[in-house]
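Chemist:
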Amino acid sequence: MSENVVGLATASNLSPVETPTAVSKFADPGPLAVGAFSATSFMLGVYNAGLLHSGGVAVVFPAAFFFGGMIQLLVSVLEFIRGNTFGTMVFGTYGAFWVIFGGIEIWFAKMMTPSDIGSAVSLFLAMFAILTFFFFIASLKTDRVLISIFFLLLVTFILLSIGAGSGLSGFTTFGGWTTILFSILGFYHAGADLINSTYGRAVLSNGPVKK
């Protein structure tokens, strides 16, 4: 499975039903989760693209489990408290993905044969591709950067699912490059949210979509 890894994306300020009261009472935890997703996804994207030596996964997988997984699960709970349905769903889904993925790689992958791993990972990624499709549709009401992230994420899941199931490394490599691309967009989105919140004005634009 270590050759069929995938980075994932999330987003802050996603729900059109988020109330002004919730925003004024609680800090926005979204940039934290987006930053965690971006960093972890970037590392895995570099690995899948063949730019990182195979021994580097010893660092990637713990980061995926704790930083990519646990942080997003925590933020999912915080978004639930804030009344952000989309953020709760996205962060909770991808946070759970990272915990499962990291757990498989750290504890269970060595117990499986390569053929079993490939078919199982392909199904695993396909399932998240379906969920990501619905996230992409919902993101069309948010901003252009976020829309681009979810589109590339959907493409990435499809590529990596095909690569894992077929054993064709070209799909995995291409998926690594699309992962790097949406990770860079994720870094920008998290940075823009942080800077705009700190400065109290729109310094960096995410390209909001007209409602």
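If you read the sequence shown in our numbering, its first letter stands for residue 10, the second for the next number, and so on. Ideal Cβ positions, reconstructed from N, Cα and C, are used throughout, including at glycine.
I need the straight-line Cα distance from F180 to L169, nearest angstrom please.
Modeler: C-alpha separation (whole angstroms): 6 Å.
Chemist: Quick one, which of L53, H62, N57, Q81 has its alpha-carbon nearest V69's?
Modeler: Measuring from the Cα of V69, the nearest candidate turns out to be L53.
Chemist: Specify whether the region 192-199 and the region 57-72 touch according to this definition: at least 3 beta carbon pairs, one from each stretch, less than 8 Å apart.
Modeler: Counting Cβ pairs under 8 Å, fewer than three are found: no touch.
Chemist: Which whole-angstrom value is the C-beta distance of G185 and A58, which I expect to be below 8 Å?
Modeler: Right, the Cβ-Cβ distance comes to about 3 Å (below 8 Å), so this counts as a contact.
Chemist: To the nearest angstrom, how far is the alpha carbon of F74 from that of G112?
Modeler: Those two C-alpha atoms are separated by around 7 Å.
Chemist: Can you tell me which residues form a DSSP beta bridge with D8?
Modeler: It is not possible to answer for residue 8, since the shown part of the chain is limited to 10 through 220.
Chemist: Leaving out five residues on either side along the sequence, give the residues of the same chain with a beta carbon under 7 Å from the beta carbon of I189.
Modeler: Cβ within range, chain order: F51, G54, V55, A58.
Chemist: Relative to the C-alpha of F227, which residue among T182, V130, M121, G195 is closest?
Modeler: No statement about residue 227 is possible, as the shown extent of the chain runs from 10 to 220 and does not include it.
Chemist: Quick check on F143: buried or exposed, where buried means 16 or more other Cβ atoms within 10 Å of its Cβ?
Modeler: Looking at its Cβ environment, which holds fewer than 16 other Cβ atoms inside 10 Å, F143 is exposed.
Chemist: Check R210 in the structure and name its three-state DSSP category.
Modeler: Residue state, collapsed to three classes: coil.
Chemist: Helix, strand or coil for H198? Go by DSSP, reduced to three states.
Modeler: DSSP places H198 in helix when its eight states are reduced to three.
Chemist: Between the alpha carbons of I156 and S148, how many angstroms are there, rounded?
Modeler: So the alpha carbons of these two residues sit roughly 5 Å apart.
Chemist: Please report how far the alpha carbon of I146 lies from the alpha carbon of A42, in whole angstroms.
Modeler: Near 20 Å, if we compare the C-alpha coordinates of A42 and I146.
Chemist: Alpha carbon to alpha carbon, how far is S178 from G172?
Modeler: Roughly 6 Å separates the two Cα atoms.
Chemist: Do F46 and G195 have their C-beta atoms closer together than 8 Å?
Modeler: Contact: yes.
Chemist: Taking C-beta to C-beta, are P38 and L82 nearer than 8 Å?
Modeler: No. Outside cutoff.
Chemist: From Y103, S192, V84, pick the residue whose C-alpha is nearest to that of F133; which is it?
Modeler: The candidate whose alpha carbon is nearest that of F133 is Y103.
Chemist: Under 8 Å Cβ to Cβ from L213, same chain only, skipping five residues before and after it: list those, please.
Modeler: Taken in chain order, the residues that qualify are Y197, G200, A201, I204, N205.
Chemist: In whole angstroms, what separates the C-alpha of V164 from that of E114?
Modeler: Straight-line Cα distance between these residues: approximately 23 Å.
Chemist: Buried or exposed: where does I90 fall if 16 or more other Cβ atoms within 10 Å of its Cβ makes it buried?
Modeler: Exposed is the call here.
Chemist: What did DSSP end up calling F145 once you bin it into helix, strand or coil?
Modeler: In the structure shown, F145 sits in a helix (DSSP, three-state: H, G or I).
Chemist: Using only the alpha-carbon positions, how far apart do I80 and G176 sit?
Modeler: Rounded to whole angstroms, I80 to G176 spans 32 Å at the Cα level.
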